[in-house]
Amino acid sequence: MTIQIDVLTIFPEYFTIPLQNSLLGKAIQEGIMKVKIHNIRDFAKDKHKTVDDTPYGGGPGMVMKCEPIFDAIDDLKGSNSLEHIILLSPGGKILTQDKVKEMAQWKDFVLICGRYEGVDERIVENLITEEISIGDYVLSGGELPALVVIEAVSRMLPGVIGEWESVTNDSLYDGLLSYPQYTKPAEFRGMKVPEILLSGNHEKIRIWREEQSLSRTKKKRPDLLEKYLEKKKTNDEQVE
Ligand SMILES: C[S@@+](CC[C@H](N)C(=O)[O-])C[C@H]1O[C@@H](n2cnc3c(N)ncnc32)[C@H](O)[C@@H]1O
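Mind the numbering: the sequence shown is residues 616 to 855 in the numbering used here, read in order.
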């Protein structure tokens with residue numbers, strides 16, 4: 616099944632290069648995912664193609680208007696289930712690998728890219744189903760966050776990454792950071808690759824990698840280790 620992602624933006628050109636290259640480009644060319652970019656300006660009714668206006672109550676900047684965004688969503692009826700209409704927003708829930716895995720199971724979804732001071736609150740209250748943030752910092756628009764979502768989801772789709780093991784070995788797939796990686800030469804400027812990796816003993820290497828993964832997570836991201844251990848405890852209790 617091909618997952619379909621409809622993106623609403625006032626900067627469609629932002630998406631051209633990223634969607635044509637590398638693994639994302641391949642996923643689209645091979646029909647594993649379909650990404651359609653819609654220009655919100657095409658739904659503006661006036662001759663200047665206005666998509667924003669001044670905020671009621673005063674204050675700086677401009678706010679994205681309701682009409683073009685509601686109309687753009689109406690236009691998707693029939694081609695997208697509209698079960699998941701997501702606004703990229705610094706006020707949204709922070710994107711996690713678990714969320715990405717969940718989204719990769721969806722048949723389709725819509726991503727709305729905000730600009731200026733954001734969108735009219737009536738869009739948030741009446742149109743969108745959830746808000747997603749890519750981190751606690753503010754960007755100038757939702758286009759880069761939308762690309763982050765699309766690329767992260769693409770990696771979870773069978774057939775996009777050649778070897779599924781490289782997906783499951785990635786940091787955060789199972790909630791932990793990845794083990795360290797090395798490549799040739801075995802010694803560079805006096806710095807040596809850990810002996811165990813040259814041993815050829817696959818079982819010992821597997822155990823070493825598991826230990827590294829745990830110790831690196833403990834050192835660099837203790838918050839993740841805590842979550843991982845809590846989840847593991849719950850799963851173990853359910854099995855018993
Ligand atoms: C300059 S921001 C608006 C910020 C808004 N005034 C606020 O305080 O929430 C413009 C747009 O960029 C996008 N954006 C900015 N930072 C983001 C983040 N961390 N995650 C997702 N989207 C973000 C959103 O679509 C937002 O509507």
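From the three backbone atoms N, C-alpha and C, an ideal C-beta is built for every residue, glycine too.
Straight-line Cα distance separating residue 755 from residue 667:
When rounded, the distance between both Cα atoms is 15 angstroms.
Between which two residues does the beta strand (DSSP E) containing residue 618 stretch?
Its beta strand (DSSP E) spans residues 618 to 624.
Pull up the CB-CB distance for residue 701 and residue 726, whole angstroms please, since I reckon it's below 8 angstroms.
Taking 8 angstroms as the upper bound for CB-CB distance, residue 701 and residue 726 are in contact here, some 5 angstroms apart.
Are the CB atoms of residue 766 and residue 639 within a distance shorter than 7 angstroms?
Against a cut-off of 7 angstroms, the Cβ pair of residue 766 and residue 639 comes out as a contact.
For residue 846, which residues in the same chain have their Cβ closer than 7 angstroms to its Cβ, ignoring the five residues on either side in sequence?
Result list for residue 846: 790, in chain order.
Sequence-distant residues of the same chain with beta carbon closer than 8 angstroms to residue 783, five excluded per side:
These residues qualify, in order along the chain: 789.
In the DSSP output, which residue or residues are listed as bridge partners for residue 702?
According to DSSP, which records beta bridges pairwise, residue 702 is partnered with 727 and 746.
So the beta strand (DSSP E) residue 648 belongs to, where does it begin and stop?
648 to 654 is the span of the beta strand (DSSP E), which, as asked, contains residue 648.
Can you tell me whether residue 632 is buried or exposed, with buried defined as 16 or more other CB within 10 angstroms of its CB?
That one is exposed.
Since I believe residue 708 is in contact with residue 598 (beta carbons under 8 angstroms), could you give me their beta-carbon distance rounded to a whole number of angstroms?
Nothing about residue 598 can be reported from this structure: the residues present for the chain run from 616 to 855 only.
Smallest Cα separation from residue 792: which of 776, 636, 815 and 712?
Distances from the alpha-carbon of residue 792 to those of 776, 636, 815 and 712 put 712 closest.
Span separating the alpha-carbon of residue 802 from that of residue 796:
Taking C-alpha positions only, residue 802 is separated from residue 796 by approximately 14 angstroms.
Would a C-beta distance cut-off of 7 angstroms place residue 760 and residue 691 closer than the cut-off?
No, they are not a contact pair.
Going by DSSP, which residues form a beta bridge with residue 679?
Within the DSSP secondary-structure output, residue 679 pairs in a beta bridge with 667 and 734.
Cβ shell of residue 806 (< 7 angstroms), same chain only, five flanking positions each side left out
The answer is none, since no qualifying residue turns up.
Residue of 831, 804, 647 and 822 minimising C-alpha distance to residue 723:
Taking only the C-alpha atoms, the option nearest residue 723 is 647.
Any idea if residue 729 is buried or exposed, counting beta-carbon neighbours within 10 angstroms, 16 or more meaning buried?
Classification for residue 729: buried.
Nearest-angstrom Cα separation, counted from residue 773 out to residue 696:
Spanning the alpha carbons of residue 696 and residue 773 requires a straight line of approximately 22 angstroms.
Beta-carbon separation of residue 679 and residue 734 under 7 angstroms?
Judged by their CB atoms, residue 679 and residue 734 are nearer to each other than the 7 angstroms cut-off.
Hey, residue 830 and residue 794: beta-carbon distance below 7 angstroms or not?
Contact flag unset, no.
Note down the Cα distance separating residue 683 from residue 750, rounded to an integer number of angstroms.
Here the alpha carbon of residue 683 sits roughly 27 angstroms from the alpha carbon of residue 750.
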